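The numbers in the sequence shown follow the numbering used here, run straight up by one, and end at 304. Backbone N, C-alpha and C fix where the C-beta goes; we use that ideal spot for every residue, glycine too. Note that the coordinates shown come from a computational prediction; the quantities given were computed from them, not determined experimentally.
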Amino acid sequence: MRTPIVAGNWKMNKDLSETKSLLSELVSADVPSNVEIVVAPSFVVLESAVNATSNSTIAVAAQNVNAAANGAFTGETSLNMLGSIGVNLVILGHSERRDIYGETDEIINKKVIQSIEVGFRVIFCFGEQLSERKEGSHFNVVSEQLSLGLKGVTDQQMDQIVLAYEPVWAIGTGETATPEQAQEMHSHIRSFLSDAYSTEVASKVRILYGGSVKPGNAKDLFANPDIDGGLIGGASLVASDFLAIVAAAE
Ligand code: PEP
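Shown next as structure tokens:
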């Protein structure tokens, strides 16, 4: 039995006072004990978020990291810096990092490997573009992103990985994959894991769906056997919406 996860990717939203206010609503809410809850605020408020959630079960993730240990990388943040403020979970491979900041599968793979080697857990994101779905190459695209992004990750290290399938055409667009489309891809991802690793790894790894998940569609998506929760963008910025999505994952 896989414990579901609902993770909120706040992207470049919420300043310090907004972060405190959203987190105070989340930590005081009555949440199901069988759902893991994650929030990923911006770097500048991460330490405050760690402090605000310290007496709760909510985990705090970073939205990115640099694979290098330290050095002349202006504007970047290392794993050690994150660890020093109590963050040991990171979102990698988000389509906005790939599309806007040019992160290739190889760059993302370096970040994945470094992160797991220092003991972090990783929410690894991937998903096809609309044109790739239209031309029918979406299964191959996803398999390729998985094999390149997870290159060198061992069976045992897969315990530190959570996968997040996010079709790019559904992110921030209001257009969601249907529960059937999402389940079909998640089942494909489990077969990929079975071939690349083992049936045990395939049955243990949590696979989240992301792309315009809202309180109104979360239950139908999460009801599918291979969907283990969601990575939530826009709807994670409003406490009542995020909590409704958490409740749908129970
Ligand atoms: C995301 O950015 O990971 C995401 C799924 O965004 P949204 O829920 O807004 O589509």
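**Report entry** Closest residue to Glu-304 among Ser-290, Val-292, Lys-273 (Cα-Cα distance)
**Finding:** Within the sequence shown, numbered from 1, the residue matching residue 304 stands at position 250. Closest by alpha carbon: Lys-273.
Query raised in the report: Is Ile-286 near the ligand PEP, in the sense that its beta carbon is under 7 Å from a heavy atom of that ligand?
Result: On the sequence shown, position 232 is the one that residue 286 refers to. The answer is yes for Ile-286.
Query - Nearest-angstrom beta carbon gap, Leu-217 and Val-259 [assumed within contact, 8 Å] - result: As a first step, residue 259 is located in the sequence shown; it is residue number 205 there, counting from the start. As a first step, residue 217 is located in the sequence shown; it is residue number 163 there, counting from the start. Yes, Val-259 and Leu-217 are in contact; Cβ-Cβ is about 6 Å, under 8 Å.
Requested in this report: Note down the Cα distance separating Gly-173 from Thr-208, rounded to an integer number of angstroms.
Outcome: Taking the first residue of the sequence shown as position 1, residue 173 is located at position 119. Taking the first residue of the sequence shown as position 1, residue 208 is located at position 154. Computed Cα separation, rounded: 13 Å.
**Report entry** Completely contained beta strand (DSSP E) runs for the region 132-197, where each covers 3 or more residues
**Finding:** 143-146, 175-180
Query raised in the report: Between Val-141 and Leu-100, which are expected to be in contact by the criterion C-beta below 8 Å, what is the C-beta distance as a whole number of angstroms?
Result: The residue given as residue 141 occupies position 87 in the sequence shown. The residue given as residue 100 occupies position 46 in the sequence shown. About 6 Å separates the two Cβ atoms, so the contact holds.
Query raised in the report: With distances taken between CB atoms, is the gap from Ile-225 to Ser-149 smaller than 8 Å?
Result: One-based indexing of the sequence shown puts residue 225 at position 171. One-based indexing of the sequence shown puts residue 149 at position 95. Their beta carbons are under 8 Å apart, which means Ile-225 touches Ser-149 by this criterion.
Query raised in the report: Using a threshold of 7 Å, is the CB atom of Val-166 nearer than that to any non-hydrogen atom of the ligand PEP?
Result: Numbered from its first residue, the sequence shown carries residue 166 at position 112. Flag unset: Cβ of Val-166 not near the ligand PEP.
Query raised in the report: Within 7 Å: the Cβ of Ile-299 and any heavy atom of the ligand PEP?
Result: Here residue 299 refers to the residue found at position 245 of the sequence shown. Flag unset: Cβ of Ile-299 not near the ligand PEP.
Query raised in the report: Which value, in whole angstroms, describes the spacing of the CA atoms of Met-239 and Ala-256?
Result: Working through the sequence shown from its first residue, we reach residue 239 at position 185. Working through the sequence shown from its first residue, we reach residue 256 at position 202. So the two alpha carbons sit approximately 14 Å from each other.
**Report entry** Start-end ranges of the beta strand (DSSP E) lying completely within the region 201-261, minimum 3 residues
**Finding:** 215-219
Query raised in the report: Count the other CB atoms within 10 Å of the CB of Gln-210; is the residue buried (16 or more) or exposed (fewer)?
Result: As a working mapping, residue 210 is identified with position 156 in the sequence shown. Counting Cβ neighbours within 10 Å, Gln-210 comes out exposed, since fewer than 16 surround it.
**Report entry** Span separating the alpha-carbon of Pro-221 from that of Val-166
**Finding:** As a first step, residue 221 is located in the sequence shown; it is residue number 167 there, counting from the start. As a first step, residue 166 is located in the sequence shown; it is residue number 112 there, counting from the start. Their backbone Cα atoms lie some 20 Å apart in a straight line.
Report task. Quick one: using the 10 Å Cβ neighbour count with 16 as the cut-off for buried, is Ala-61 buried or exposed? Result -> The count along the sequence shown starts at 1 and reaches residue 61 at position 7. Its Cβ being crowded by 16 or more others within 10 Å, Ala-61 is buried.
Requested in this report: Compare the Cα-Cα distances from Gly-308 to each of Ser-266, Ala-123, Met-55 and report the closest residue.
Outcome: Outside the modelled stretch of the chain, which goes from 55 to 304, sits residue 308, for which no answer is possible.
Query - Asn-109, enclosing beta strand (DSSP E) - first and last residue - result: As a working mapping, residue 109 is identified with position 55 in the sequence shown. Counting along the chain, Asn-109 falls outside any beta strand (DSSP E), and DSSP gives it neither H nor E.
**Report entry** the region 79-86 / the region 108-126 touching (three or more Cβ pairs under 8 Å)
**Finding:** yes
Query - As assigned by DSSP and simplified to three states, the class of Gly-125 - result: For this step, residue 125 is matched to residue 71 along the sequence shown. Note: Gly-125 maps to coil in three-state DSSP.
Report task. May I ask which residues mark the beginning and end of the alpha helix (DSSP H) holding Val-300? Result -> What you label residue 300 is simply residue 246 of the sequence shown in a count that begins at 1. Unbroken alpha helix (DSSP H) run through Val-300: 293-302.
Query raised in the report: Using the C-alpha atoms, what's the distance from Asp-280 back to Arg-244?
Result: In the sequence shown, residue 244 corresponds to position 190, counting from 1. In the sequence shown, residue 280 corresponds to position 226, counting from 1. One C-alpha to the other measures close to 8 Å.
Query raised in the report: Just to confirm, are Leu-143 and Phe-178 a CB contact at a threshold of 8 Å?
Result: Position 89 of the sequence shown, counting from 1, holds the residue named residue 143. Position 124 of the sequence shown, counting from 1, holds the residue named residue 178. No, these two residues do not count as a Cβ contact at 8 Å.
Query raised in the report: At what residues does the beta strand (DSSP E) containing Asn-63 begin and finish?
Result: The count along the sequence shown starts at 1 and reaches residue 63 at position 9. Here the beta strand (DSSP E) through Asn-63 covers 59-63.
Requested in this report: List the endpoints of the continuous alpha helix (DSSP H) containing Gly-270.
Outcome: As a first step, residue 270 is located in the sequence shown; it is residue number 216 there, counting from the start. Where Gly-270 is concerned, the enclosing alpha helix (DSSP H) stretches over 269-276.
Query raised in the report: What number of angstroms, rounded off, separates the C-alpha of Ser-96 from the C-alpha of Ile-139?
Result: Here residue 96 refers to the residue found at position 42 when the sequence shown is read from its first residue. Here residue 139 refers to the residue found at position 85 when the sequence shown is read from its first residue. Roughly 14 Å between the two C-alpha positions.
Requested in this report: Consider the C-beta atom of Ser-294 and the heavy atoms of the ligand PEP; say whether any pair is separated by less than 7 Å.
Outcome: Position 240 of the sequence shown, counting from 1, holds the residue named residue 294. Incorrect: Ser-294 has no Cβ contact closer than 7 Å to the ligand PEP.
**Report entry** Other residues of its chain near Asn-67: CB distance less than 6 Å, five sequence neighbours each side excluded
**Finding:** The residue given as residue 67 occupies position 13 in the sequence shown. Excluding residues within five positions, the ones whose Cβ falls inside 6 Å are Leu-291.
Report task. Following the continuous alpha helix (DSSP H) through Val-81, name the residue where it begins and the one where it ends. Result -> As a first step, residue 81 must be located in the sequence shown, where it is residue number 27. Unbroken alpha helix (DSSP H) run through Val-81: 70-81.
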